[in-house]
Every structure is written in structure tokens, then in C-alpha cells.
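Its first residue numbered 14, the sequence shown is counted upward by one per residue in my numbering.
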Amino acid sequence: MKGRIVKALSGFYYVRHGDDVYESRARGVFKKRGQTPLVGDECEFEVTHEGDMEAFVTKLYPRKNSFIRPPIANVDTLCIVVSVGRPAPAPGVIDRLLVMAEEADTHAMICVNKIDEADEETLRMLQETYSDIYPLVSISAKTGEGKEELLSAIGSGRTAFAGASGVGKSTIVNMLKASAEAITGELSDKTGRGKNTTRHVESFILPGGAVIYDTPGFTSFEIPGKEEADLQFMFPEMRPLIGKCRFDNCRHLAEPGCAVTEAVENGKIKKSRYDSYVSQLEDIRKSNSY
Ligand SMILES: Nc1nc2c(ncn2[C@@H]2O[C@H](COP(=O)(O)OP(=O)(O)O)[C@@H](O)[C@H]2O)c(=O)[nH]1
Ligand SMILES: [Mg+2]
Ligand SMILES: [Zn+2]
């Protein structure tokens, strides 16, 4: 049967098929191949004891993308959470997470949280920097303000939350989970596990059908193991200018006739975004030259 892994805990994979959830183990073949099933994986499974809802995962379907920390697969939207209270937003971190989303081929969006304690100027700076490039919503997970806008922005796909520690990722997930109580409650009852577990990964369905990953969150990211020429494509506002510089291999640093630095000078590309590009380019150069 075909199912979806909705939770991973202590060597068990919980596979949902329709309204049923099966407690499954993975066949040894996965270990042999160095493959680990992940929450979000589509899989084939064989039921061993129908009455007990026990099964074996026998096959994983190809993934759209996968992440190591947190261990999840098939993310459609990466929602990058930023706080306008404390901690103050760090554009360098935001821009790294946005590049990670682009590399993983997920939709990226920005959720500005803590507007109940917002400093207006910071909020305006974030809107000016990002709202032309990515969908941006402003919310307070504390008061619930903006919840409907967030729900409509995440759409109907599978969403994971990323952002620095303390920005409110867990609070947002819990706020959304409250509207999905019936479904998660059912899941916990059937499996008899899942309460009082801190370090596991789970996903749940919102009433409209969207899926949310409940994870410790992405607070860090690997140093990109990519070619420096690829980085420019990860900045959507740079894409239309690629190929318009005097030199074909322009890295948009100090080269003459550069369309990107010109766009930064006349304000078409935001300086903080460009600075992030330069800083990430330096990191790629460092990691590629040891
Ligand atoms: N004022 C305010 N505090 C918030 C809001 N959302 C979360 N917090 C607080 O920020 C702190 C960190 O939240 P948490 O969800 O643990 O952040 P995480 O590390 O990103 O998961 C907690 O003390 C929350 O109560 C908000 O919208 N407004
Ligand atoms: Mg958290
Ligand atoms: Zn250039």
C-alpha cells in the first residue's frame, strides 16, 4: 500500500494511509543502502498485523528535496520566521535561509512575527527589503493577529518553518496546531505514543488540507557546497540582470560594466541583499579552496 510518513520516533515510522496510521519499522534494506526514511516521504508499506496497525516500510518514492537538520523530506514551502521584537532581525541569516530555500527548490516566504511588540521602523525595513521579492506576512503568534493571512500565504502544500532561535517558530506551530487538534489527537490516540516527546519530527494536517512540519526548526544551515557562479541565481531580483554585465563570468563584485552593482547604486537591488550575496560568495570561495 502507498502511504506518507507523518512522524518518526525512536526507530518507528508512522505511516498514514487515508485516515489510518500504521506504526511501522523500516526494512533492513534501507540501512544497507544508507537510506533513512524521513517524515514527508511517500512510501510503500506492508501491513503485518492489521488489527494492531503494524507495518513495514518497504520502499521510498523519489523526493522533491530533503533536509538533514531537521530530518524532513518533500517540503513545498519554507516559511522563514523573523522577529520584529527580540531577537532583532539579522538580514544575513534571513538571506542564507532564503538561499537554502531556493537551492532546495521550495517556495520561500517570510513571516514577520511579534508585531505586538514591533518597532515600526524595523517592520518597515523588512517590508521594503523583502515584499517585492517574496510573499511577506506580519503576525503575532502571541495575540493571533495575522493568523488568517499566514494560513492563506502557506497555501495547501507542505510547510516547514525556519529562523533564528527565539523568533517564535514553536509558538507559531502551536498556534496552527490548535486548529488541527482533532487530527493530531487522533494520531496520538491510535499510536499510543507522541506525548511528552521533545526531540521527534511530526507533521500534521490543517483543516484546509495543508501540512505543517512540527520540528525543532532550521536555525542553522550547512555551508553551501556549490559553485560560486550558481549563487546569483538564488537571488530572484538578480536573475533578470544575469547575462547583462560586460563580462560573461561577472561575479558582480568590482568588475567594470556590471549590471548588478549598477542596480544596487540606483536602488533597484537592496544594499543589504547585495551585501548578503557578497558575504555568501566569500564563504563559497573559502569552502571551495579549503
Ligand atoms: N511578544 C511576543 N512574543 C512572542 C511571540 N511569539 C513568540 N513569542 C515568545 O518568544 C519566545 C520564543 O518563542 P519560541 O516559539 O520558543 O521560538 P523558537 O525558538 O523560534 O521556536 C517565547 O518566549 C515566546 O512566548 C509574539 O508574537 N509576540
Ligand atoms: Mg522552537
Ligand atoms: Zn556583474
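Even glycine gets a Cβ: it sits at the ideal position worked out from N, Cα and C. All values derive from a computational prediction rather than experimental measurement.
query	result
Can you determine whether any heavy atom of ligand 2 sits closer than 7 angstroms to the C-beta of residue 183, and answer yes or no?	yes
Here's the rule: buried if 16 or more other CB atoms are within 10 angstroms of the residue's CB, otherwise exposed. What is residue 228?	buried
Are at least three pairs of beta-carbons, each pair with one atom in the segment 128-141 and one in the segment 48-57, less than 8 angstroms apart?	no
Just to confirm before moving on: does the CB-CB distance between residue 185 and residue 94 stay below 8 angstroms?	yes
Distance, Cα to Cα, residue 59 vs residue 82?	28 angstroms
Between residue 258 and residue 272, which are expected to be in contact by the criterion C-beta below 8 angstroms, what is the C-beta distance as a whole number of angstroms?	5 angstroms
Output yes or no for whether 8 angstroms exceeds the beta carbon distance between residue 173 and residue 88.	yes
Compute the minimum distance between the beta carbon of residue 117 and the heavy atoms of ligand 1, and state whether it is under 7 angstroms.	no
Counting only the same chain and skipping the five closest in sequence on each side, list residues whose C-beta sits under 8 angstroms from that of residue 262.	242
Helix, strand or coil for residue 248 per DSSP?	coil
Quick check on residue 131: does DSSP put it in helix, strand or coil?	coil
In chain order, what residues of the same chain lie with their CB nearer than 6 angstroms to the CB of residue 114, ignoring the 5 residues before and after it?	91 and 121
Who are the near neighbours of residue 179 in its chain, counting only those whose CB is closer than 8 angstroms to its CB and skipping five residues on each side?	96, 99 and 100
Let me confirm a value: residue 248 is counted as buried when at least 16 other C-beta atoms fall within 10 Å, else exposed. Which label applies?	buried
Is residue 86 near ligand 3 - that is, is its Cβ less than 7 angstroms away from at least one heavy atom of it?	no
At what residue ranges does the segment 149-202 contain a whole run of the alpha helix (DSSP H), taking only runs of 4 or more?	160-167 and 182-191
Please report the residue range of the alpha helix (DSSP H) in which residue 301 lies.	284-301
Out of curiosity, what's the CA-to-CA distance linking residue 239 and residue 34?	39 angstroms
For residue 57 and residue 77, what's the separation of their Cα atoms in angstroms?	17 angstroms
Rounded to whole angstroms, how far is the Cβ of residue 28 from the Cβ of residue 68, which I believe are closer than 8 angstroms?	6 angstroms
Go through the segment 91-133 residue by residue and report every complete run of the beta strand (DSSP E) that reaches 3 residues or more, in order.	120-126
Going by DSSP in three states, residue 272 sits in which element: helix, strand or coil?	helix
Verify the contact flag: residue 261, CB atom, against every heavy atom of ligand 1, threshold strictly below 7 angstroms.	no
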